[in-house]
Amino acid sequence: MNSSSPTKITIDSLRGATNPFTVNFEKGKKLTVIYGENGTGKSTICDGLELIGNGKIGSLENRGLGKLNRYWHSLGKSASDVSVTLETATVACRATVGKNGEVSTNPPDHCPRVEILRRMQILSLVATTGAELYSAIKRFIDVSGIEASEDALRGLIKDMTGSLDTVATSVQSNRKAIENFWQEAGQQQGDPIARARAESARDPHEFEADINALDEIRMAYERMNGCLGDLTTANAQLEVILDELDDALTTLEEQRSKISANATEFVALLESAKAYLKNDPSLSACPLCESTENATGLANRIDQRLSDFMPFSRRKPKERGWRATRIAPTNGWRTFIPVRPSTRLNSRPVDQNTNGRLIWICRRALRLCSPSSWRIGLAPQLTCLRAGSKCWPNSRTRSNFWVR
Amino acid sequence: MESPSQALARKIVEKLVADGLMTPDDAKKLESKGADGKLRAEDWRLAVEKAMELEAKR
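Below you can see the structure in the form of structure tokens.
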């Protein structure tokens, strides 16, 4: 677009310009007023400006004339005779019409920018208000910079609106989650949102100790679940072992009874020999066979044999005032407490679900029943315990114990 | 001479400052950028946020 002010316009063979004529524009003026009587060519000047600027003649439009370019040239002229030249201080732009009515400008880059407001358009513009007024006049006012900035603002508003919708959706979802959690937690009194706000305001480090403790409990539970199978297997094995032990103890008791029957006489014999040797410690030969081969240390060997046979003798051990008392059968187990005869019993029920504890106690009982812990030193005492008979715990290891 | 864009930008900025949507300091800078069509979305947002922050302090 050439921004220079026009200096003159020359119109030839266009509309009423049967002869070429030129209009000179006053230099340095931004406004030019053309006035005159009807038919003096005012509209032809406007048509010339519109032809060179927009390639058309608006005064003929909307009149039902069909193809308009056949009316562009003057009477007695042809379309190719039409010429409009607009000159500025720097360049002259000329518009011509081809045989087919096409408009060409030369040079095309210097075509002036022309807006024509005819009577109807002026009346419409006057009657328009508000935003429509801006639409009507915006082609005359260059506020493209403001429009670009406004587009950026409009895009920002659109983005912010989208973000607001997203946030609103998220808030609604979170609110629903909080309310669901509130219901799952037992619907305590108060507003769940207010409670959530208060909780969210707390220092997150306060929860770390609780979280760590819960993690430890969870891991311990998992480990316990992992050991449960082993515990069950070990329990079954222990049952088998206990059964085998029962059988072995029964067999041992039977063998012991047999041995004890013969051992009494043998022990009496050994005690007689011991008494004989006590009266004659200088004996140098066996009084029966008179052999001197094993006479040395004979008294000691007799003592050793007596000691070995003592457990098989029929003589009962000396009581120390302790005995096991059966408290109550529980889940197939019987509770025994070694007490003094005058001690008041303080029974404690055995939890039926604590099999592991019972097993531990059973092991303890087995330990108590081991030869090293019993004065008479015999495992068959366990059989006595099972039958609810007396038992003879060592006074230093007295405690509650349970056997099945 | 003031262009239509500059005149409109001046009026817009005056209105935004009066409504507390833009600080007077930003108005001077944004008026010329707005008239030239160089105001980006982040410029608008920053200007409005600064104005709201200033309003909140009051």
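Those protein sequence lines, which keep their order, are chains A and B. Residue 1213 in my numbering sits at position 180 of the first sequence, and the numbers go up by one each step. Residue 47 in my numbering sits at position 29 of the second sequence, and the numbers go up by one each step. Note that the Cβ used here is the ideal one computed from N, Cα and C, for glycine as well.
Less than 8 Å between the beta carbons of A/Thr1055 and A/Ile1042, yes or no? By the CB criterion at 8 Å, A/Thr1055 and A/Ile1042 fall inside the cutoff.
Among A/Pro1314, A/Ala1201, A/Glu1255 and A/Glu1083, which one has its Cα closest to the Cα of A/Arg1146? Nearest neighbour of A/Arg1146 by Cα position, chosen from A/Pro1314, A/Ala1201, A/Glu1255 and A/Glu1083, turns out to be A/Glu1083.
When DSSP builds the beta bridges, which residues end up paired with A/Cys1126? The bridge partners DSSP lists for A/Cys1126 are A/Leu1119.
A/Pro1237 by DSSP, collapsed to three states: which one? Judged by DSSP in its simplified three-state form, A/Pro1237 adopts helix.
Can we say the stretch 1087 to 1101 of chain A touches the stretch 1113 to 1122 of chain A, given the rule of at least three CB pairs closer than 8 Å? With a cut-off of 8 Å, the stretch 1113 to 1122 of chain A and the stretch 1087 to 1101 of chain A do not count as touching, because too few Cβ pairs lie within range.
Terminal residues of the alpha helix (DSSP H) in which A/Ile1155 lies: Where A/Ile1155 is concerned, the enclosing alpha helix (DSSP H) stretches over Arg1152 to Ala1160.
B/Val66: buried (16+ other C-beta within 10 angstroms of its C-beta) or exposed? The residue is buried, with at least 16 neighbouring Cβ atoms inside 10 Å.
Please report the distance separating the alpha-carbon of A/Ile1211 from that of B/Asp43. A/Ile1211 and B/Asp43 have their alpha carbons spaced roughly 44 Å apart.
Closer than 8 Å to chain A by CB, B/Ala59: For B/Ala59, at least one C-beta of chain A is nearer than 8 Å to its own C-beta.
Output needed for B/Leu34: all residues of its chain with C-beta closer than 6 Å, excluding positions within five of it in sequence on either side, in chain order. Scanning its chain for C-beta atoms nearer than 6 Å, with the 5 sequence neighbours on each side dropped, one finds around B/Leu34 the residues Met40, in chain order.
Can you grab the Cα-Cα spacing for the pair A/Asp1045 / A/Ile1174, in whole Å? Rounded to the nearest angstrom, the two C-alpha atoms are 32 Å apart.
Just to confirm before moving on: does the CB-CB distance between A/Thr1121 and A/Ser1038 stay below 8 Å? Going by beta carbons, A/Thr1121 and A/Ser1038 fall inside the 8 Å limit.
What residues in its chain sit with their C-beta under 7 Å from that of B/Arg28, if we drop five residues either side in the sequence? Contacts found: Glu49.
Would B/Met70 pass as an interface residue toward chain A - the criterion being a Cβ-Cβ separation below 8 Å? No - not a single Cβ of chain A is within 8 Å of the one on B/Met70.
In whole angstroms, what is the alpha-carbon distance linking B/Arg58 and A/Ala1181? Rounded to whole angstroms, the separation of the alpha carbons of A/Ala1181 and B/Arg58 is 9 Å.
Between the beta-carbon of A/His1106 and the beta-carbon of A/Leu1047, is there less than 8 Å? Contact: yes.
Listed by chain order, chain B residues near A/Ala1189 by CB distance under 7 Å: At residue 1189 of chain A the sequence reads Leu, which differs from the Ala that was named. Within chain B, the residues near A/Leu1189 are Ala59, Trp62 and Arg63.
Quick one, which residues of the stretch 1078 to 1108 of chain A are near chain C if we go by CB-CB under 9 Å, in chain order? The chain labelled as chain C is not found among the protein chains of the depicted structure, namely A and B.
Which stretch, first to last residue, makes up the beta strand (DSSP E) that contains A/Ser1137? Counted as a single uninterrupted DSSP element, the beta strand (DSSP E) harbouring A/Ser1137 occupies residues Val1136 to Asn1139.
CB contact below 8 Å: B/Ala99 versus chain A: This structure cannot settle anything about residue 99 of chain B, because the visible part of chain B is limited to 19 through 76.
Would B/Asp54 count as contacting chain A if we go by Cβ distances under 8 Å? Yes, B/Asp54 lies at the interface with chain A (some Cβ there is under 8 Å from its Cβ).
Please name the residue, chosen from B/Gly38, B/Ala36, B/Glu60 and B/Gly55, that lies closest to B/Pro22 on a Cα-to-Cα basis. The candidate whose alpha carbon is nearest that of B/Pro22 is B/Gly55.
Count the other CB atoms, across all protein chains shown, that sit within 10 Å of the CB of A/Gly1223; report buried if there are 16 or more and exposed otherwise. It counts as exposed.
Using C-beta distances below 7 Å, list every residue in its chain close to A/Thr1129, excluding the 5 sequence neighbours before and after it, in chain order. Excluding residues within five positions, the ones whose Cβ falls inside 7 Å are Val1115, Ser1116 and Ser1137.
Report the rounded CA-to-CA distance for A/Gly1178 versus A/Glu1148, giving the unit in angstroms. So the alpha carbons of these two residues sit roughly 21 Å apart.
Using the beta-carbon of each residue, which ones in chain A are nearer than 7 Å to B/Leu26? What B/Leu26 touches in chain A: Val1176 and Ile1179.
What residues are listed by DSSP as bridge partners for A/Val1176? Note: A/Val1176 sits in no beta bridge, so no partner.
Best match in A/Leu1321, A/Thr1162, A/Thr1199 and A/Asp1276 for proximity to A/Leu1302 [C-alpha to C-alpha]: Closest by C-alpha distance to A/Leu1302, out of A/Leu1321, A/Thr1162, A/Thr1199 and A/Asp1276, is A/Leu1321.
Cross-chain neighbours of B/Pro22 in chain A, by beta carbon under 7 Å: By Cβ distance, chain A contributes Ile1174, Asp1175 and Val1176.
Helix, strand or coil for A/Leu1064, going by three-state DSSP, please let me know. In this structure, A/Leu1064 counts as coil in the three-state DSSP scheme.
Can you check whether the C-beta of A/Ser1196 is within less than 8 Å of a C-beta belonging to chain B? Chain B places no beta carbon closer than 8 Å to that of A/Ser1196, leaving this residue out of the contacts.
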